[in-house]
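If you count the sequence shown from 1, you need to add 54 to reach the numbering used here. Ideal placement from N, C-alpha and C gives every residue a C-beta, glycine not left out. Working notes for the structure below.
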Amino acid sequence: MAGRPEFTFTQLNYFARAAELGSMTDAAAELFVAQSAVSTAVQHLERTLQTQLFIRHRVKGLQLTAAGDELLTRAREVLGAVHDTLDAFRPDALSGPLHAACFPTLAPFYLPQIIHDLERTHPGIEARVREGTADEVARALGNRAIDIALTYDLGLGDGISKELLATAPVSVAVAEDDPLALRDGLTLDELAARPMILLDMPVSRDYFVGLFAQRGLSPHIRYRFASFETVRAMVARGHGFALLNQRPAVGRSYDGGRLVTRPLLDDVPGLDIVLATRSGEPLSRKAGAFAERARSAVRLLAEGPAHEPRVL
Numbered sequence: 055m056a057g058r059p060e061f062t063f064t065q066l067n068y069f070a071r072a073a074e075l076g077s078m079t080d081a082a083a084e085l086f087v088a089q090s091a092v093s094t095a096v097q098h099l100e101r102t103l104q105t106q107l108f109i110r111h112r113v114k115g116l117q118l119t120a121a122g123d124e125l126l127t128r129a130r131e132v133l134g135a136v137h138d139t140l141d142a143f144r145p146d147a148l149s150g151p152l153h154a155a156c157f158p159t160l161a162p163f164y165l166p167q168i169i170h171d172l173e174r175t176h177p178g179i180e181a182r183v184r185e186g187t188a189d190e191v192a193r194a195l196g197n198r199a200i201d202i203a204l205t206y207d208l209g210l211g212d213g214i215s216k217e218l219l220a221t222a223p224v225s226v227a228v229a230e231d232d233p234l235a236l237r238d239g240l241t242l243d244e245l246a247a248r249p250m251i252l253l254d255m256p257v258s259r260d261y262f263v264g265l266f267a268q269r270g271l272s273p274h275i276r277y278r279f280a281s282f283e284t285v286r287a288m289v290a291r292g293h294g295f296a297l298l299n300q301r302p303a304v305g306r307s308y309d310g311g312r313l314v315t316r317p318l319l320d321d322v323p324g325l326d327i328v329l330a331t332r333s334g335e336p337l338s339r340k341a342g343a344f345a346e347r348a349r350s351a352v353r354l355l356a357e358g359p360a361h362e363p364r365v366l
């Protein structure tokens, strides 16, 4: 029959999961099918499209070819459209995969609550959430690897719509026995000459260093770490101070060290926490459900317990 598809929705879905997981075995386990079913689906697609979709590595697993990468982008559009169509006729039972992302240092503060609420209200949604810095989020939105992200507004670039949820002010973390811990607040001028433990993540590092540069100062960076908890642990052991935009509910590091957080008294911009989506496209109902829970989680943590206002 003219115009009849030469491959099925199921084959496209199998290919997409294998591509996203980098393994046909892992895809088969998640889909509850035999590994041979996933392999056969991919082989059928390759024969139909007359192109190689994967480079198979014995150790590294599957690597997408250029054609495979393009097909994955298109497959996500098709699969998403099918699930959205089904959801439109089942308004009380959203189902299927939801691809989302969260900035690494925001994830432990918000994701557990978001996923908990999402699973409770929409158990049919399969939340597939990754961590990613702002530039990684922008790329993932651009190639349709994700539909929505909770992130800082740091270098997201063009083509991204942003909904402001909150602004996280800058605070100073110091060891509990540091003389600076006795202060009610600190300034960049007095911190510039002291050892700094820099949270060294893409774009974030420029933001923290830029706070000093705006005042003609240059921080004395003693150590750099991409891990939020490693930075806190180094601060707790007296190796220096850190500028951070989040404050955990406990004043201890992983190894039991104690640290405190003091406000930064300078008039500097905080970091905007935003929901990021693709510009010019309607939000799917599943992404909308994620957005609703994210707004609630951010508002809840920002308000904090009545007896202790939170500093993010």
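Per-residue burial, residue i [other beta carbons within 10 Å of its own, 16 or more giving buried]
i       : result
Arg-353 : exposed
Ser-333 : exposed
His-176 : buried
Ala-341 : buried
Arg-110 : exposed
Pro-363 : Its pLDDT being 35, under 50, Pro-363 is placed unreliably by the model, and the measurement read from it follows with that caveat. Label assigned to Pro-363: exposed.
Asn-67  : buried
Tyr-206 : buried
Phe-63  : exposed
Pro-166 : exposed
Asp-232 : buried
Gly-134 : buried
Val-132 : exposed
Ala-360 : Interpretation of Ala-360 is limited by its pLDDT of 37, a score under 50 that renders its predicted location unreliable; the figure taken from the coordinates is listed afterwards. Exposed is the call here.
Leu-160 : buried
Leu-99  : buried
Gln-65  : buried
Ala-351 : buried
Arg-112 : exposed
Val-228 : buried
Val-27  : Outside the displayed span of the chain (55 to 366) sits residue 27, for which this structure offers no information.
Pair within 8 Å by beta-carbon distance, residue i and residue j
i       : j       : result
Leu-140 : Ile-179 : no
Ala-220 : Asn-299 : no
Leu-210 : Ala-192 : yes
Pro-317 : Ser-225 : yes
Leu-313 : Ala-290 : yes
Leu-152 : Ala-181 : yes
Ile-202 : Ala-296 : no
Met-78  : Val-92  : yes
Tyr-308 : Ala-287 : yes
Ala-72  : Val-96  : yes
Leu-116 : Leu-126 : no
Phe-262 : Leu-252 : yes
Val-328 : Leu-218 : yes
Glu-185 : Cys-156 : yes
Val-69  : Leu-107 : Per the sequence shown, the amino acid found at residue 69 is Phe instead of Val. Their beta carbons are under 8 Å apart, which means Phe-69 touches Leu-107 by this criterion.
Pro-273 : Phe-266 : yes
Val-136 : Ala-154 : no
Arg-339 : Asp-123 : no
Arg-269 : Met-250 : no
Glu-60  : Thr-105 : no
Thr-241 : Asp-171 : no
Three-state secondary structure assigned by DSSP to residue i
i       : result
Gly-209 : coil
Arg-316 : strand
Gly-115 : strand
Ala-227 : strand
Arg-237 : coil
Ala-222 : strand
Phe-295 : strand
Asp-138 : helix
Gly-76  : coil
Arg-198 : coil
Leu-337 : coil
Leu-366 : A caution first: Leu-366 carries a pLDDT of 33, below 50, which makes its placement in the model too unreliable to give a value.
Arg-301 : coil
Glu-60  : coil
Pro-359 : Because Pro-359 sits at a pLDDT of 46, beneath the cut-off of 50, its placement in the model cannot be relied upon, and the following sentence gives the value as read from the coordinates. Coil at Pro-359, not helix or strand.
Phe-86  : coil
Asp-171 : helix
Asp-123 : helix
Asp-243 : helix
Residues that DSSP places opposite residue i in a beta bridge
i       : result
Lys-216 : Ala-330
Tyr-164 : BP columns for Tyr-164 are empty, so no partner.
Pro-151 : Glu-180
Phe-108 : Leu-118
Ala-203 : Ala-155 and Ala-330
Glu-185 : Cys-156
Arg-306 : Arg-312
Leu-325 : Ala-222
(message) At 4 residues or longer, what runs of the alpha helix (DSSP H) sit wholly inside the region 247-285?
(response) Listed in chain order, the complete alpha helix (DSSP H) runs (minimum 4 residues) inside the region 247-285 are 258-267.
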